[in-house]
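Numbering-wise (the numbering used here), the sequence shown opens with residue 1078 and increments by one.
Think of the CB as a built atom: it goes at the ideal place given N, C-alpha and C, for glycine as much as any other residue.
Quick caveat: nothing in here was measured; it's all calculated off a predicted structure.
Okay, structure first, notes after.
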Amino acid sequence: MLLQDRRGGPAGSTFPVFHSPLIGRSVSPAPSPASPPARIVIATRESRLALWQAEHVRSLLQQLYPACQVELSGMTTRGDQILDRPLSKVGGKGLFVKELEAALLNGAADLAVHSMKDVPMQMEPEFSLVAIGPREVPLDALVSSKYASLEDMPPGAVVGTSSLRREAQLHARYPWLAVTPLRGNLDTRLRKLDEGQFDAIILAAAGLKRLGLGNRIRAVLPAEDSLPAAGQGALGIEALASRPEVAAWLAPLNDPDTAACVRAERAVSRALAGSCEVPLGAFAEMRAGSIYLRGFVASPDGTRMAHAELSGSSADPEALGLKLAEELRKQGAAEILAALGS
């Protein structure tokens, strides 16, 4: 499905500390590459949030290359189709990217836009992440029409979440709450909340803000209470590794600080077999030129949890991530992972 005339508008930010510096601002035309692109096709999922993300990248590309025709190719992934089971039971995050990668392989698209937290930690060698854009709010958010905070919720109140990472942290910090699975795109999850199926739900703050739904957020959960997933809040652009010209086109959209942080986070997750089946969080921030990296691994019920944090140079973020993964193993992650069969 080719989508040529859609226009999306980034929503305003109420959390400027993490707000993308490219959102809502003009981008100067890029210096002409050896072969300026005449046409670029972006593969995207067809959910409202995915289309917003692809439209955002298209807008930036059109500012960089005014003479270029930039089109969207929308498609439905297996992850969008399977809504009755948790991702951890049906194949994990790869379900959201396979169809888009197929479009890259067969030449139907030049690039694909993803939420970085949905990109599998182990990518096939045919593909490359050619740009990681500036990060939106990377934290989780509480959405509820009844309660202003998780602490306010009474015993037995039902909280919906889509990830074992959030579930484990909720069990550990708020053991009196009933945590249940929640699937579907963002609009579907909000509808289920509004229908009364849940007392509250936990979502990524970035998705709500990008769709102009920041007013639904009752509280942004600090990383100390709900450590984000690797890559949360960042957009990644994928292309074929065999097409260096696409990487050159996209280079102006890469944010070095965000890319370094995301690479460190993904290294932690990759080293610990991070997937939808493992409750694992990793979150990096730039502080005074260095990366401050935190991570955890837990049992799904939250009764066992290993935490670690460290700071280091941004020159080799993968090495920093591997170092944190080793520290997590020393703190008990190895035993937790063994019990999970990872």
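Straight-line gap, residue i to residue j (C-alpha atoms, nearest Å)
i       : j       : result
Ala1185 : Val1174 : 15 Å
Ala1144 : Leu1330 : 18 Å
Glu1403 : Glu1386 : 11 Å
Ala1245 : Ala1120 : 33 Å
Leu1285 : Val1147 : 26 Å
Glu1272 : Thr1335 : 37 Å
Arg1243 : Ala1318 : 33 Å
Gln1448 : Ala1300 : As shown, the chain starts at 1078 and ends at 1419. That puts residue 1448 outside it, with no answer to give.
Met1382 : Gly1418 : 16 Å
Phe1204 : Ala1324 : 11 Å
Gly1237 : Thr1380 : 19 Å
Arg1320 : Arg1212 : 25 Å
Ala1056 : Ser1192 : With the chain represented from 1078 up to 1419, any question about residue 1056 goes unanswered, as that position is not in the structure.
Glu1123 : Thr1153 : 6 Å
Ala1416 : Gly1291 : 39 Å
Ala1410 : Glu1354 : 14 Å
Arg1116 : Ala1365 : 40 Å
Gln1199 : Ala1350 : 9 Å
Leu1149 : Lys1194 : 21 Å
Pro1214 : Leu1414 : Per the sequence presented here, residue 1214 reads as Val, with Pro not at that position. If I take the Cα positions, the gap works out to 29 Å.
Leu1370 : Pro1114 : 38 Å
Val1134 : Tyr1142 : 12 Å
Asp1302 : Ser1391 : 25 Å
Glu1322 : Asp1393 : 25 Å
Arg1293 : Ser1112 : 45 Å
Leu1412 : Ser1388 : The sequence given here has Glu at residue 1412, not Leu. Their backbone Cα atoms lie some 25 Å apart in a straight line.
Leu1420 : Arg1268 : The shown model of the chain, from 1078 to 1419, leaves out residue 1420, and the question about it has no answer.
Thr1257 : Arg1340 : 31 Å
Ser1423 : Lys1407 : The structure shown does not extend to residue 1423, since the chain is modelled only from 1078 to 1419, so the question has no answer here.
Ser1367 : His1384 : 20 Å
Trp1253 : Gly1261 : 25 Å
Arg1266 : Glu1201 : 31 Å
Cys1338 : Glu1132 : 24 Å
Val1118 : Leu1138 : 11 Å
Lys1223 : Ser1239 : 20 Å
Gly1156 : Ala1218 : The pLDDT assigned to Gly1156 is 48, lower than 50, so where the model puts this residue is not dependable; a value taken from the coordinates is nonetheless given after this. About 22 Å.
Leu1216 : Glu1342 : 14 Å
For residue j and residue i, believed in contact at Cβ under 8 Å, the rounded distance
i       : j       : result
Leu1288 : Leu1259 : That pair is no contact at about 17 Å.
Gly1151 : Leu1177 : Rounded, the Cβ-Cβ distance is 10 Å, inconsistent with contact.
Arg1295 : Ala1225 : 5 Å
Pro1356 : Leu1241 : 4 Å
Ala1255 : Ala1234 : 7 Å
Leu1298 : Val1220 : Not confirmed; about 11 Å, so no contact.
Gln1130 : Val1196 : Incorrect: roughly 13 Å between the Cβ atoms, too far for contact.
Leu1327 : Leu1182 : No, Leu1327 and Leu1182 are not in contact; Cβ-Cβ is about 18 Å, not under 8 Å.
Terminal residues of the beta strand (DSSP E) in which residue i lies
i       : result
Gln1146 : Gln1146 to Met1152
Glu1272 : Glu1272 -> no beta strand (DSSP E), and no H or E assigned at all.
Val1374 : Ser1367 to Ala1375
Pro1232 : That residue, Pro1232, is in no beta strand (DSSP E); it is neither H nor E in DSSP.
Val1118 : Arg1116 to Arg1122
Ala1255 : Ala1255 to Pro1258
Leu1357 : Leu1357 to Arg1364
Ala1277 : Ala1277 to Ala1281
First and last residue of the uninterrupted alpha helix (DSSP H) at residue i
i       : result
Arg1434 : Here the chain has residues from 1078 to 1419 only, and residue 1434 is not among them.
Pro1050 : Any question about residue 1050 goes unanswered here, given that the chain covers just 1078 to 1419.
Leu1414 : Ala1411 to Leu1417
Ala1127 : Arg1125 to Leu1141
Ala1249 : Leu1241 to Arg1250
Closer than 7 Å: residue i CB and nearest the ligand NAD heavy atom
i       : result
Ala1324 : The ligand NAD is not part of this structure, which contains no ligands at all.
Taking one C-beta from the segment 1354-1365 and one from the segment 1305-1317 each time, how about it: are there three or more such pairs within less than 8 Å?
-> yes
Taking 8 Å as the threshold, find out whether the segment 1206-1213 comes into contact with the segment 1313-1320 through three or more Cβ pairs.
-> yes
Tell me, please, whether the segment 1238-1252 touches the segment 1371-1381 by the rule of three or more beta-carbon pairs shorter than 8 Å.
-> yes
For the segment 1339-1348 and the segment 1379-1399, state whether three or more C-beta atom pairs, one from each stretch, are separated by less than 8 Å.
-> yes
In chain order, each beta strand (DSSP E) run of at least 3 residues that lies wholly inside the segment 1167-1224 | 1188-1192, 1204-1209 and 1217-1220
Any 3 or more C-beta pairs closer than 8 Å across the segment 1224-1244 and the segment 1271-1290 = yes
List in chain order: all unbroken beta strand (DSSP E) runs of 3+ residues lying wholly within the segment 1288-1345.
-> 1294-1298 and 1312-1317
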